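Participant:
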Amino acid sequence: AKKHNLTFRVLCDNGNKVASQFGLVFSLPGDLRGLYSSFGIDLERFNGDASWTLPMPARYILDQQGRILSADVNPDYTRRPEPGDIIEILKAL
């Protein structure tokens with residue numbers, strides 16, 4: 001956040017602890033661990049532990065009372081909600 005002069009807080013889920021509580025974490029199979037390593041992807045360093053886990057992409061929109069207004073979870077990280085749909089939900093807050 002400091003490096004890019006962001007004016008908002010950035011949250012980090014070291015070790016995927018919060019994602020695990022939401023049931024959004026999967027372990028990389030052994031054959032993919034070698035592949036990731038061959039591409040120079042060091043999940044142990046990135047995650048801060050030796051779990052070899054990744055979180056599924058998820059987006060939640062909550063109101064000020066903590067009620068979930070929208071939830072989107074998809075194990076296919078290439079499938080994302082339409083920005084316009086999210087903006088409409090946010091405008092309704």
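Each residue of the sequence shown is one higher than the last, beginning at 1 in full-length UniProt numbering.
Don't be surprised by glycine CBs; every beta carbon is placed ideally from N, CA and C.
Only a predicted model underlies this, so the values are computations on that prediction, with no experimental measurement involved.
Given that a residue counts as buried once 16 or more other Cβ atoms are within 10 Å of its Cβ, and exposed if not, what is N74?
Facilitator: Here residue 74 refers to the residue found at position 74 when the sequence shown is read from its first residue. Classification of N74: exposed, given that the 10 Å Cβ count is below 16.
Participant: What do you reckon, are the CB atoms on P57 and R80 nearer than 9 Å?
Facilitator: Locating residue 57 in the sequence shown gives position 57, counting from the first residue. Locating residue 80 in the sequence shown gives position 80, counting from the first residue. Yes, they are a contact pair.
Participant: Using DSSP's beta-bridge definition, name the partner residues of P55.
Facilitator: As a working note, residue 55 is residue 55 in the sequence shown. Partner(s): V25.
Participant: Which residues in the same chain have their Cβ closer than 6 Å to the Cβ of A1, if we skip the five residues on either side of it in sequence?
Facilitator: Within the sequence shown, numbered from 1, the residue matching residue 1 stands at position 1. Here the set comprises V10.
Participant: Just curious, the beta strand (DSSP E) that I68 is in, first and last residue?
Facilitator: Indexing the sequence shown from 1 puts residue 68 at position 68. Taken as a continuous stretch (DSSP letters only), the beta strand (DSSP E) holding I68 covers I68 to V73.
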